[in-house]
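Worksheet: the structure to be examined is printed underneath.
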């Protein structure tokens with residue numbers, strides 16, 4: 001496929017065959033192919049590596065009927081957890097399980113129970129990568145555009161197209177050629193077989209260009225190698241698929257195939273070019289040139305972009321297939337590379353690394369966040385070293401702190417984080433409700449570390465941290481507790497559930513505020529500290545990234561409303577204000593603050609301010625019930641009860657929509673932010689009651705005052721102003 005000779009000679013042979021092909025030949029070939037093609041419905045319950053959580057449709061086809069093996073794309077099998085079903089042309093549906101996904105190239109295998117297909121008669125589709133040639137007429141059979149069975153015609157135009165680039169922060173194939181044809185494939189056709197008139201698969205459909213009819217096909221040489229190794233292991237060990245090991249070697253660098261004109265501009269000597277042309281197959285058009293090197297990989301500080309590859313272990317290598325064959329056969333060994341850099345010959349000795357060792361097969365889930373070692377795929381995209389602690393999904397805890405997806409965690413709770421074990425060790429020492437600093441960096445701003453304040457899930461909305469590991473024998477992921485049972489995180493989680501059961505809040509019609517006080521005395525008040533501000537707000541990638549602009553609009557609207565409506569409500573008597581009742585001489589600082597407020601504010605503002613509270617409400621994604629339309633709310637409430645051990649705030653249901661939420665209160669009269677708990681939601685009317693611990697206010701507790709409520713009708717002749 002990769003040899004230009006094949007494009008010429010093979011192309012002539014293909015033309016001769018095509019000239020004798022009839023419509024009946026295609027009909028017979030497709031009648032054998034279509035029953036072996038299946039629609040794949042996949043659901044990824046967790047984001048992982050280059051993929052996000054979600055559901056999708058794709059295509060696969062049977063390549064081994066006896067063993068039950070379906071070939072499709074890597075981005076369909078997915079590197080992370082996946083639940084999949086295959087539906088055949090007669091609408092029989094069977095579960096399928098991941099068997100293998102290549103760490104780099106866009107192919108993978110599902111396995112299924114052959115006995116589960118009861119009524120369909122089908123045969124496996126043979127793979128024949130050698131049949132691919134320029135000018136070959138092909139058909140792409142699959143679930144194109146969700147039509148279950150579509151047959152698209154085309155002609156192979158190129159066998160040496162560079163691998164398509166899909167996205168800068170997602171999966172991309174590299175170090176391989178692709179085929180190209182104007183087949184016009186669209187979504188749903190990923191994993192479709194590209195067949196010739198004899199019903200043989202000559203390539204695997206992988207992607208397309210939305211602005212044109214171009215479709216991109218993966219060559220099958222490496223697919224055939226992997227399938228043969230799986231079959232060999234299957235024969236040797238029966239159905240113990242965990243014994244399947246497919247050697248894959250890497251130097252953690254990317255090559256591009258450049259023509260001789262360009263290699264000469266890079267400094268390739270004339271004698272080297274003549275030697276390469278002499279020993280290469282006739283029609284060779286170029287050589288491999290280093291495009292990028294992953295930091296701290298085997299080739300780091302040895303090879304540079306622009307280096308022209310000449311030899312590997314004394315063998316001239318100008319094609320991707322030959323290079324990968326040598327590397328895959330040399331895992332754990334050293335290879336000698338001869339290159340030319342600016343016309344200067346250099347020889348370097350590098351150790352070939354196991355590609356599977358830098359491809360993560362486990363992840364940590366904590367408060368909805370998915371965190372795992374940085375994969376080779378993303379390390380290549382981001383230019384970071386492999387193995388760093390990578391945020392695949394921010395979840396609830398990290399998104400509250402505006403930590404975006406694709407972040408690299410550098411420090412947490414004051415400790416350096418070099419790998420996932422370091423992060424787990426730090427988390428195991430923290431208690432629920434603790435607020436600790438986190439430092440991270442993002443590939444879009446790689447030279448500046450950013451710091452935020454993270455609140456550890458204090459209510460137990462999520463289970464304790466779980467470590468998931470892929471089991472290749474079953475295709476499933478096994479979960480276990482990531483931290484010891486005696487760690488503060490787990491102990492506080494259990495205690496929180498016990499308190500929730502023992503200290504359930506009674507209806508307000510049966511409990512006085514003092515009763516509620518006793519129920520909240522045992523609450524953890526460690527969160528009662530001033531919120532750390534960051535230099536900028538960071539948009540969180542993912543399914544809820546669109547909410548950030550809404551949140552900012554809400555924040556500005558609330559600020560404007562507070563400024564514009566500061567005179568509409570008040571509490572207490574005007575005589576008290578005139579007599580300086582707002583002064584509290586118990587603390588010099590608080591007294592100075594009160595005097596400052598009194599001197600700078602209007603009379604109405606002095607009355608209103610001690611009773612006003614700003615709400616910031618976060619709703620966990622798993623708790624978005626009862627029509628809750630957002631995860632983040634802002635609003636204003638009024639203090640209606642304030643004592644030494646209990647405070648109550650009244651707020652509208654649009655701000656506090658459900659009781660399952662995390663609430664932070666900011667007081668207008670005193671610069672502090674503390675947590676609060678929902679104690680009552682009216683089932684009909686638009687108000688809720690929220691409790692807070694006044695002791696968390698410190699000296700500011702004496703500045704805060706509750707509003708006087710007037711339960712009866714309001715009389716305009718009343719000497720005081722009340723909240724209605």
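Numbering (full-length UniProt numbering), first residue to last: 1 to 724.
Ideal Cβ placement from N, Cα and C applies to all residues, glycine included.
Note that the structure is a prediction, hence the values are computed from the model and not measured.
Contact between residue 423 and residue 408 is absent: CB atoms are separated by about 11 angstroms, not below the 8 angstroms threshold. Annotation for residue 640: the continuous beta strand (DSSP E) segment containing it runs 632-642. From the listed residues 287, 157, 369, the smallest Cα separation to residue 265 is found for 287. DSSP places residue 172 in the coil class of the three-state scheme, outside both helix and strand.
Spatial neighbours of residue 706 in its own chain (CB-CB distance under 6 angstroms, excluding positions within 5 residues in sequence) are listed in chain order as 639, 640, 641, 642. In the three-state reduction of the DSSP assignment, residue 321 falls in the helix class, which pools H, G and I.
Counted as a single uninterrupted DSSP element, the stretch harbouring residue 200 is not any alpha helix (DSSP H), since DSSP gives it neither H nor E. Only exposed fits residue 445, as fewer than 16 other CB atoms lie within 10 angstroms of its CB. Non-local C-beta neighbours of residue 163 in its own chain, meaning closer than 6 angstroms and more than five positions away in sequence, comprise 173, 174, 176, 178, ordered along the chain. In the three-state DSSP reduction, residue 328 falls in the helix class (H, G or I). Residue pairing by DSSP places residue 208 opposite 215 in a beta bridge. Inclusion of residue 620 and residue 396 in the CB contact set at 8 angstroms is warranted, their separation being smaller than that value.
Approximately 5 angstroms separates the beta-carbon atoms of residue 268 and residue 308; this is inside 8 angstroms, confirming the contact. DSSP places residue 110 in the uninterrupted beta strand (DSSP E) bounded by 108-111. Apart from the 5 residues on each side of it in sequence, residue 611 sits with its Cβ closer than 7 angstroms to the Cβ of 571, 638, 639, 705, 706, 707 in its chain, given in chain order. Within the same chain, 256, 258, 308 come within 6 angstroms of residue 289 by CB-CB distance, once the 5 residues on both sides are set aside. When the five nearest sequence neighbours on each side are left out, the beta carbons in the same chain lying within less than 6 angstroms of the beta carbon of residue 306 are those of 266, in order along the chain. Secondary structure at residue 461: coil, using DSSP grouped into helix, strand and coil. Counting along the chain, residue 21 sits inside no alpha helix (DSSP H), nor does DSSP assign it H or E at all. According to the DSSP assignment, residue 399 belongs to the alpha helix (DSSP H) that extends over 395-400. As a beta-bridge residue in DSSP terms, residue 162 pairs with 177. Cβ atoms of residue 25 and residue 197 come within 8 angstroms of each other, at about 5 angstroms. Within the region 336-376, the runs of beta strand (DSSP E) that reach at least 3 residues and sit entirely inside it are, in chain order, 344-351, 362-366, 369-373.
Pairing residue 54 with residue 66 gives a Cβ-Cβ distance that is not under 8 angstroms. Going by DSSP, residue 454 is part of the beta strand (DSSP E) stretching over 445-455.
When the alpha-carbon of residue 613 is set against those of 194, 21, 690, the nearest one is in 690. Under the three-pair Cβ rule at 8 angstroms, the region 663-673 does not count as touching the region 459-477.
Just measuring C-alpha positions, the residue of 480, 234, 125, 208 sitting nearest residue 31 is 125. Within the DSSP secondary-structure output, residue 485 pairs in no beta bridge. The continuous alpha helix (DSSP H) containing residue 604 extends over residues 603-608. With a beta-carbon spacing of about 6 angstroms, residue 132 and residue 159 fall inside the 8 angstroms limit used to define contacts. For residue 285, the closest C-alpha among the options 616, 252, 319, 339 is that of 319. Between the C-alpha atoms of residue 653 and residue 680 there is a straight-line separation of about 11 angstroms. Residue 358 has its alpha-carbon roughly 20 angstroms from the corresponding atom of residue 291. Residue 101 is bridged by DSSP to 108. Here the alpha carbons of residue 224 and residue 338 stand approximately 29 angstroms from one another.
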